[in-house]
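Enquirer:
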Amino acid sequence: MAKTTTKYVCQNCGRQSPRPMGRCPSCGEYNTMVEVVEAATPAGRSQAARPPRSKPQRLSEISADAGARLPLPIGEFARVLGGGIVPGSVVLIGGEPGIGKSTLLIQAAAALANGSGGPVLYTSGEESAHQIRLRADRLGLKAGSLYIVTETNLGDILEHVAAINPQILIVDSIQTTYTDEIESLAGSISQVRECANRLRELAKSTGIGVFLVGHVTKEGAIAGPRVLEHIVDTVLYLEGDPFQAYRLLRSVKNRFGATSEVGVFEMQGKGLVEVTNPSEAFLAERMVNASGSAIAVTLEGTRPLLVEVQALSSPTAFGNARRTANGIDINRLLLLTAVLSRRMGLRLAEQDVFVNVIGGLKIDEPAADLAVATAIASSYRDIPVPADLAIVGEIGLSGELRAVSQLPIRLNEAAKLGFKRILVPRTRRQDEVKAAGLSVLPARNLAEAFKIALPEK
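For reference, each letter of the sequence shown is one residue, going 26 to 482 in this note's numbering.
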């Protein structure tokens with residue numbers, strides 16, 4: 026039996042220790058030191074003695090034909106992947122418990138198995154085959170080439186793959202999978218890393234598309250070593266408010282497509298249903314001519330989205346005014362309120378300010394700054410924003426408006442949804458900013474923007 030060594034590694038910063046510790050001395054986080062058991066390489070088996078299995082090639086001699094993508098009948102899923110499934114790719118999907126990861130994958134597996142492709146193997150380490158069948162019946166899924174197996178041992182999973190030769194392999198989840206070659210428990214850093222590497226080698230050598238389900242930590246990151254996200258080709262996060270029906274499938278890494286791409290689904294009785302026009306869905310319950318509401322034109326990946334931003338300011342009952350943000354970064358809200366107070370004279374130091382993005386959507390790009398600031402000023406002055414006006418623009422610390430990327434795409438989306446006017450930052454080439462049926466209103470700073478968006482009663 027090979028000699029083993031035990032050490033403790035911090036999952037957050039990678040600090041190693043020969044003994045268990047409740048608190049990492051490097052990053053200061055608690056309960057992040059995980060036991061890692063490694064087997065020493067036996068004498069006489071030096072890696073240097075092994076002949077190389079690969080051969081260097083000239084770049085011009087390498088074939089550029091990577092093979093056609095496998096069509097995925099779920100359009101929103103295919104969009105996030107970059108147009109379909111690349112043969113031999115490894116995709117990692119993370120999300121909070123109960124968000125719908127297994128539901129989405131069983132729907133995708135059934136759709137692929139019903140297509141013209143080969144069989145699909147779904148391995149589960151958390152549910153029995155009977156439970157998966159009950160879910161499939163509830164969702165109305167039927168697929169003759171979809172194989173289900175309840176297994177957590179990686180060696181047995183590879184044997185099933187060799188017997189069935191599937192086109193797609195789904196492993197739910199990577200944290201429950203283990204290999205006998207490592208003595209630590211399933212879910213440990215060593216097990217997750219080794220199993221992911223073995224599955225990656227399987228995908229690259231056979232051309233099988235592999236989907237891995239990953240658990241997430243309390244902070245929302247995928248549990249396990251950070252190297253797990255470097256091993257795979259694509260990392261997707263399924264996000265959503267538990268109290269909302271909408272789910273967002275977001276790409277944060279994709280070697281075969283655009284990053285930050287977003288697919289929108291709605292959780293219904295028959296599973297996750299695609300939302301082909303998310304902007305219209307996010308604006309469906311909008312209250313027209315209500316103060317504190319503005320329409321922001323955001324860009325998620327290559328997709329423009331129009332979302333409603335609501336703000337409420339009210340006199341504070343405490344010594345320090347509160348700032349509450351739902352859907353935007355709290356630090357961004359603090360910056361915007363400071364600019365409004367200093368540059369526009371709004372006495373927000375005496376006001377509690379609350380900002381909410383409708384539909385559970387999270388906005389990260391600064392192009393929504395002007396919409397957020399306009400909503401706050403609309404609530405403070407009790408002046409509604411015109412119902413036919415959409416807003417886009419970044420705000421600087423001096424109150425100036427800065428240009429945003431992909432403005433023509435945003436304009437076309439606003440025009441398609443029936444908006445007549447759009448407030449944008451003034452650019453050097455203002456004549457090129459056009460859209461059919463849409464009046465473009467440029468502004469240099471917040472003062473000019475508020476004259477347009479907040480007309481006096």
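Don't be surprised by glycine CBs; every beta carbon is placed ideally from N, CA and C. Just so you know, these numbers come straight off a predicted model, no measurement behind them.
Output the boundary residues of the alpha helix (DSSP H) element that contains L171.
Expert: Unbroken run through L171 is the beta strand (DSSP E), L171 to T175; no alpha helix (DSSP H).
Enquirer: Quick check on the burial criterion: 16 or more other C-beta atoms within 10 angstroms. Buried or exposed for S79?
Expert: So S79 counts as exposed.
Enquirer: With distances taken between CB atoms, is the gap from G424 to N470 smaller than 8 Å?
Expert: Yes, they are a contact pair.
Enquirer: How is S71 classed by DSSP in three states: helix, strand or coil?
Expert: Because the pLDDT of S71 is 47, which lies under 50, any placement of that residue in the model is unreliable, and the number read from its coordinates should be weighed accordingly. Three-state result, S71: coil.
Enquirer: Between which residues of its own chain and V257 is the CB-CB distance below 6 Å, once the five residues before and five after are set aside?
Expert: Result list for V257: V115 and L117, in chain order.
Enquirer: Is it buried or exposed for R48, if we count other Cβ within 10 angstroms and need 16 for buried?
Expert: Classification of R48: exposed, given that the 10 Å Cβ count is below 16.
Enquirer: Can you tell which of V465, T175, I401 and G108 has its C-alpha closest to the C-alpha of Q156?
Expert: Among V465, T175, I401 and G108, the Cα nearest to that of Q156 is on T175.
Enquirer: Can you check the region 191 to 265 for any beta strand (DSSP E) of at least 3 residues that lies completely inside it and give the ranges in chain order?
Expert: As far as the region 191 to 265 is concerned, its whole beta strand (DSSP E) runs of at least 3 residues are 193 to 197, 234 to 239 and 259 to 264.
Enquirer: How many Å lie between K445 and I416 at the Cα?
Expert: Going from the Cα of K445 to the Cα of I416 covers about 12 Å.
Enquirer: Could you check the C-alpha separation between K387 and A319 for me, to the nearest Å?
Expert: Cα to Cα, the separation comes out at about 16 Å.
Enquirer: Mind checking which residues open and close the beta strand (DSSP E) that includes S316?
Expert: That residue, S316, is in no beta strand (DSSP E); it is neither H nor E in DSSP.
Enquirer: Quick check on the burial criterion: 16 or more other C-beta atoms within 10 angstroms. Buried or exposed for C52?
Expert: Exposed is the call here.
Enquirer: May I ask which residues mark the beginning and end of the beta strand (DSSP E) holding V115?
Expert: That run of the beta strand (DSSP E) goes V115 to G120.
Enquirer: Please specify which runs of the alpha helix (DSSP H), each continuous and at least 4 residues long, are wholly inside the region 394 to 430, giving them in chain order.
Expert: Segments of the alpha helix (DSSP H) lying fully in the region 394 to 430: 394 to 406.
Enquirer: Does the beta-carbon of V313 have 16 or more other beta-carbons within 10 angstroms, so that it is buried, or is it exposed?
Expert: Flag for V313 reads exposed.
Enquirer: Three or more C-beta pairs under 8 Å: does that hold for the region 339 to 350 against the region 316 to 330?
Expert: Flag = no, the region 339 to 350 and the region 316 to 330 do not touch.
Enquirer: Could you tell me whether the region 273 to 290 touches the region 225 to 238, where touching means 3 or more Cβ pairs closer than 8 Å?
Expert: No, the region 273 to 290 is not in contact with the region 225 to 238.
Enquirer: Which class does S338 belong to by DSSP, given the choice of helix, strand or coil?
Expert: Note: S338 maps to strand in three-state DSSP.
Enquirer: With C-beta atoms as the reference, is G119 less than 8 Å away from G239?
Expert: Contact: yes.
Enquirer: Take the Cβ of I401 as the centre, count every other Cβ of all protein chains shown within 10 Å, and call the residue buried at 16 or more, exposed below.
Expert: I401 is buried by the Cβ-count criterion.
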